[in-house]
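**Student:** Here our numbering runs 259 ahead of the position in the sequence shown, where the first position is 1.
All residues carry an ideal CB built from backbone N, CA and C; glycine is no exception.
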Amino acid sequence: MYNQEVFEVFVAPGTADPDQYLELEINPNNAIWVGQISNPSRGDQSGISAEMVEPSSSKIIHSVEKGKKSWSGTLSIPWTLVSAEKATQYRINFYRIVSTQSQTQKDWKCNVDNCAFLCWNSTLSGKKPAFHRPRRFGLLTIADK
Numbered sequence: 260m261y262n263q264e265v266f267e268v269f270v271a272p273g274t275a276d277p278d279q280y281l282e283l284e285i286n287p288n289n290a291i292w293v294g295q296i297s298n299p300s301r302g303d304q305s306g307i308s309a310e311m312v313e314p315s316s317s318k319i320i321h322s323v324e325k326g327k328k329s330w331s332g333t334l335s336i337p338w339t340l341v342s343a344e345k346a347t348q349y350r351i352n353f354y355r356i357v358s359t360q361s362q363t364q365k366d367w368k369c370n371v372d373n374c375a376f377l378c379w380n381s382t383l384s385g386k387k388p389a390f391h392r393p394r395r396f397g398l399l400t401i402a403d404k
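Written out as structure tokens, the structure is:
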């Protein structure tokens, strides 16, 4: 799914630079991909592996609304999918791959010439997009009221 328009979330419990994290993707067709990522280098793009989580067993609730020139998606992620115990702090990043051109082929693929690669906390990857850089994940704090 990451080769076309998609929204992605990478999340791990705690404050350390994670080498294991959850990746979730949703696209304009309301398809989702869920995987447990192992990234021992924490960012040099080598040795990354993924164990797919069956979407139907993930208990993620998801939906997409489409406009004429836009779409928005909603993901409801169970805490137990991220970690066995609910944490108060998480390392997280949000990514968006946006087509900058009209696409006529069903099997088109995003690249730096036809898509924008956006993220909440910059991965500092320059002209070669690289999202799997957990050292660059931001910090999310969940506080009780």
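1) Using a Cβ-Cβ cut-off of 6 Å (strictly less than) and excluding sequence neighbours within five positions of aspartate 276, which residues of its own chain qualify?
2) For serine 316, which residues from the same chain have a beta carbon less than 6 Å from its beta carbon, with the 5 sequence-adjacent residues on both sides left out?
3) Where alanine 271 and lysine 365 are concerned, what is the direct C-alpha to C-alpha distance, given to the nearest angstrom?
4) Please report the distance separating the alpha-carbon of serine 329 from that of glutamate 310.
5) Any chance the segment 336-345 sits against the segment 369-383, with 3 or more Cβ pairs inside 8 Å?
6) Could you check where the alpha helix (DSSP H) with tryptophan 292 kicks off and where it finishes?
7) Measure the CB-CB distance between valine 268 and leucine 283 and report whether it falls below 7 Å.
8) Determine the closest residue to valine 371 out of Lys387, Asp278 and Ile320, with distance taken between C-alpha atoms.
9) Can you list, in chain order, the residues of its chain with a C-beta nearer than 7 Å to that of lysine 325? Leave out the 5 residues immediately preceding and following it.
10) Among Ile285, Gly397 and Tyr349, which one has its Cα closest to the Cα of glycine 332?
11) According to DSSP, is serine 308 part of a helix, a strand, or is it coil?
12) Just reading off the beta strand (DSSP E) that serine 331 is part of, what are its end residues?
**Tutor:** Reading off the structure:
1) On the sequence shown, position 17 is the one that residue 276 refers to. For aspartate 276, where only same-chain residues beyond five positions count, the Cβ hits under 6 Å are Arg301, Pro393 and Arg394.
2) Within the sequence shown, the letter at position 57 stands for residue 316. Within the same chain, no residue comes within 6 Å of serine 316 by CB-CB distance, once the 5 residues on both sides are set aside.
3) Within the sequence shown, numbered from 1, the residue matching residue 271 stands at position 12. Within the sequence shown, numbered from 1, the residue matching residue 365 stands at position 106. If you take the alpha carbons of alanine 271 and lysine 365, they lie about 33 Å apart.
4) In the sequence shown, the residue the question calls residue 329 occupies position 70. In the sequence shown, the residue the question calls residue 310 occupies position 51. Their Cα atoms are separated by approximately 31 Å.
5) With a cut-off of 8 Å, the segment 369-383 and the segment 336-345 do not count as touching, because too few Cβ pairs lie within range.
6) Start at 1 with the first residue of the sequence shown, and residue 292 comes out as number 33. Here tryptophan 292 belongs to no alpha helix (DSSP H); instead the beta strand (DSSP E) covers 291-297.
7) In the sequence shown, the residue the question calls residue 268 occupies position 9. In the sequence shown, the residue the question calls residue 283 occupies position 24. Cβ distance < 7 Å, so valine 268 and leucine 283 count as in contact.
8) Sequence index remark: in the sequence shown, residue 371 carries index 112 (1-based). Between valine 371 and the set Lys387, Asp278 and Ile320, the nearest pair of CA atoms involves Lys387.
9) Against the sequence shown, residue 325 aligns to sequence position 66. Cβ-Cβ distances below 7 Å link lysine 325 to Pro287 in the same chain, with the five nearest sequence neighbours on each side left out; the list follows chain order.
10) Here the question's residue 332 lines up with position 73 in the sequence shown. Its Cα nearest to that of glycine 332, the residue Ile285 stands out among Ile285, Gly397 and Tyr349.
11) The sequence position of residue 308 within the sequence shown is 49, counting from 1. Strand at serine 308.
12) In the sequence shown, counting from the first residue as 1, residue 331 sits at position 72. Start and end: 330-335.
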